[in-house]
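**Q**
Residue numbers (the numbering used here), protein chains in the order written: chain A, 1 to 174; chain B, 175 to 348; chain C, 349 to 522; chain D, 523 to 696.
#1: Might you give, ordered along the chain, the residues of its own chain that have their beta carbon closer than 6 Å to the beta carbon of residue 32 (chain A), omitting 5 neighbours on each side?
#2: With a Cβ-Cβ cutoff of 7 Å, do residue 72 (chain A) and residue 38 (chain A) count as a contact?
#3: Looking at residue 427 (chain C): is its Cβ nearer than 7 Å to the Cβ of residue 360 (chain C)?
#4: From the beta carbon of residue 216 (chain B), is the nearest beta carbon of chain A less than 7 Å away?
#5: Go to residue 362 (chain C), then tell me how far its beta strand (DSSP E) extends in each direction, as first and last residue.
#6: Any beta-carbon of chain A closer than 7 Å to the one on residue 261 (chain B)?
#7: Could you name the residues of the region 138 to 151 of chain A whose beta carbon sits closer than 8 Å to any beta carbon of chain D, in the order they occur along the chain?
#8: From the DSSP output, read off the bridge partner residues of residue 135 (chain A).
#9: Using a Cβ-Cβ cutoff of 8 Å, what residues of the region 405 to 429 of chain C are near chain B? List them in chain order.
#10: Answer yes or no: does any C-beta atom of chain C fall closer than 7 Å to that of residue 613 (chain D)?
#11: Find out if the Cβ-Cβ distance for the pair residue 18 (chain A), residue 96 (chain A) is shorter than 7 Å.
#12: For residue 576 (chain D), decide whether its Cβ has a neighbour in chain A, counting only Cβ atoms nearer than 7 Å.
#13: Quick one: grab the DSSP three-state call for residue 145 (chain A).
#14: Out of B:215, B:229, B:312 and B:183, state which residue places its alpha-carbon closest to the alpha-carbon of residue 258 (chain B).
#15: For residue 182 (chain B), collect the residues of the same chain with a Cβ closer than 6 Å to its Cβ; drop the 5 residues on either side in sequence, then sort them by chain order.
#16: Indicate whether at least one CB of chain C lies closer than 7 Å to the CB of residue 676 (chain D).
#17: So, does the CB of residue 514 (chain C) fall closer than 7 Å to a CB anywhere in chain D?
#18: Let me check understanding here. Comparing Cα to Cα, which of D:549, D:580, D:544 and D:589 lies closest to residue 558 (chain D)?
#19: Residue 589 (chain D) lies in the beta strand (DSSP E); which residues open and close that run?
#20: Measuring CA to CA, which of A:157, A:146 and A:156 is closest to residue 581 (chain D)?
#21: Taking C-alpha atoms, which residue in C:501, C:351 and C:491 lies nearest to residue 227 (chain B)?
#22: Under the rule that 16 or more other beta-carbon atoms within 10 Å means buried, what is residue 660 (chain D), buried or exposed?
#23: Between residue 188 (chain B) and chain A, is there a C-beta pair that is closer than 7 Å?
#24: In whole angstroms, what is the alpha-carbon distance linking residue 526 (chain D) and residue 671 (chain D)?
#25: Determine the DSSP secondary structure at residue 189 (chain A), reduced to helix, strand or coil.
#26: Report the residue from A:86, A:56, A:157 and A:46 whose alpha carbon sits nearest the alpha carbon of residue 16 (chain A).
#27: Is it buried or exposed, residue 23 (chain A), if we count other Cβ atoms within 10 angstroms and call 16 or more buried?
#28: For residue 173 (chain A), count the other beta carbons within 10 Å of its own beta carbon; 16 or more makes it buried, fewer makes it exposed. Which is it?
#29: Residue 208 (chain B) bridges to which residues according to DSSP?
#30: Along the chain, where does the beta strand (DSSP E) that runs through residue 273 (chain B) open and close?
#31: When you compare the CB of residue 374 (chain C) with every CB in chain D, is at least one pair closer than 7 Å?
#32: Alpha carbons only, please: which of C:376, C:350 and C:396 is nearest the one belonging to residue 439 (chain C)?
#33: Anyone know if the C-beta pair for residue 391 (chain C) and residue 457 (chain C) falls short of 7 Å?
#34: Less than 8 Å between C-beta atoms, sequence neighbours within five positions excluded: which residues of the same chain meet that for residue 481 (chain C)?
#35: With DSSP as the reference, label residue 369 (chain C) as helix, strand or coil.
Okay, structure coming up:
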């Protein structure tokens, strides 16, 4: 499992709702809530996206980054980037969304594969030092998610030097 | 307004979830709940479609017909028939759905235009004699909708003779 | 069972929210929704009373009478009339409430006993002719309740003479 | 305001759901969620008590203490200890509840007065060192409450020496 290990960098074919591409390494020192979804997944629409919005509203953007990850692993012909754009407009999603890079080997896109996600919606929480601390498929309670983010926020922010070299080794260039 | 007048026949480019096309005239003697929606309309997904399913579960199919009407008036390039099929599969919609016939004159499809709908979701209730009795845009309460259908169900079914010749003409054999 | 038989008259030790006692016989020609509850019953508070209020808001008081029935069958020392008054004030219950008459033979009050209720909340629907048409313990869906009331409303109002003598016989004194 | 100051000890006339009286000083080193409520307060029943239960379920009892505080400031004749016992039984409240000590000077009980609460429900969060960190009247979101508790849990536990010298007296240095 990836838990408590450095979160792999996102593999993205397009970014929406952001003027420039994001990277987990550039978000170091913030807590990152990464929400994998598919636009036609009922649980994502009823629960995942509202919770992602609630995270965005509940915490300062200086402290917590919320990123949607559109990880299409079925019905690729319908859940296109253009369809996603309409979906995000209609559902008023105003945080950055990454389109997970399609794989040439199968239906599961690359970031979803690398994070070993079981499906959508999945919530991933990454700490200020860039480690994956929580990965959950399906519905997670607001209080539990709030508590996890609260605990990650309470971590002292690692100094740049410390961040570069953690117990896992030295993460040069991130 | 169309209320209390004969409900115009549906103008449909394709039918889903039914082995053969339906028509309001053939449904005479049943109450018809016609639910206009768009697959990427948030209010349709959160409220309209669950209410349409609830109508389907609450009444006998011998007494009440539930028909979805996919009335796309925006983002036509994304809300295609193929996308609708995926949507209906993911959201487990198991009642017949008509694709509202596109217009050559503008974005609003023909049935939506003819019924003068203000948007989606819209609920239309048609009585056993084929008259439009209720047309509502937006959220309608379950109890109100139940009461309306209950009252329409209590109408004595028109005799075959009466049903055979309405303002639309004579529907022999129905 | 009492279903489809004349609804027995209420046995009441006190009336609240009404300037004078009500009787089912005087409500003949209206549909009556009788909602049995206890003020400290969680299901009554979370579901029953909100549904009773929704019935009150959804139908004209000229057509549908809503009556609460405080049927205390446990913890009598705590659920007193004075406590009920506070409860009704705090929960803003504005329809008439009857206090079910205590029994000298056991904890179950007389009206609850006569209607053979299984517990609280219980919803009883009485038609315009004074017959019990629905008796349900626990949660009933809003659409189902709406449909039932709608159908009862569609019954032609019986004339006073007809109401006195129905198919069940002559309901003298009611 | 009391925020960030040592939380005053509770003034209690009776304890329920606990074999012996609790005190904030004895709970030092835990986060304490103190939930003030009245049994006939609609917002307490619909929101406050469910949230108190959710806190109890979401965190280890070794880390977070949940205490109900029955702060009756109106209708004292009805919201008696006996009525509270029935209420707690019916609503399956299984965490300790303190009955706030009545005042001889007015309707507001002593703990409620000392904490300057505006009404019920009110949620108070006390950190591991015994300081009041959050006081909120009305509805608070689950994610916000989770985040606050998560952050308080992340505080390093004060050393036994500091904790020992802290029963409202030695607050300096915390």
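Cβ atoms here follow ideal geometry from the backbone N, Cα and C, with glycine treated the same way.
**A** Considering the structure as presented:
#1: 65 and 126
#2: yes
#3: no
#4: Residue 216 (chain B) counts as touching chain A.
#5: 360 to 364 is the span of the beta strand (DSSP E), which, as asked, contains residue 362 (chain C).
#6: yes
#7: Cβ contacts with chain D: 141, 142, 143, 144, 145, 146, 147, 148, 149, 150 and 151.
#8: A:124
#9: Only those residues of the region 405 to 429 of chain C whose C-beta falls short of 8 Å from the nearest C-beta of chain B are listed: 406 and 407.
#10: yes
#11: yes
#12: yes
#13: helix
#14: B:215
#15: Only 288 meet the Cβ criterion.
#16: No, residue 676 (chain D) does not count as interfacial toward chain C.
#17: At residue 514 (chain C) the pLDDT is 43, less than 50, meaning the model places this residue with poor confidence and gives no usable figure here.
#18: Distances from the CA of residue 558 (chain D) to each of D:549, D:580, D:544 and D:589 were compared; the closest alpha carbon is that of D:589.
#19: 586 to 592
#20: A:146
#21: C:491
#22: exposed
#23: no
#24: 15 Å
#25: Nothing about residue 189 (chain A) can be read from this structure; chain A reaches only from 1 to 174.
#26: A:86
#27: exposed
#28: Annotation note: pLDDT 33 at residue 173 (chain A) (below 50); position unreliable, no value reported.
#29: B:241 and B:298
#30: It spans 271 to 274 - the beta strand (DSSP E) in which residue 273 (chain B) sits, taken as one unbroken run.
#31: Judged by the 7 Å Cβ criterion, residue 374 (chain C) is not in contact with chain D.
#32: C:396
#33: Taking the C-beta atoms as reference points, residue 457 (chain C) is found no nearer than 7 Å to residue 391 (chain C).
#34: 351, 352, 473, 474, 475, 496 and 500
#35: coil
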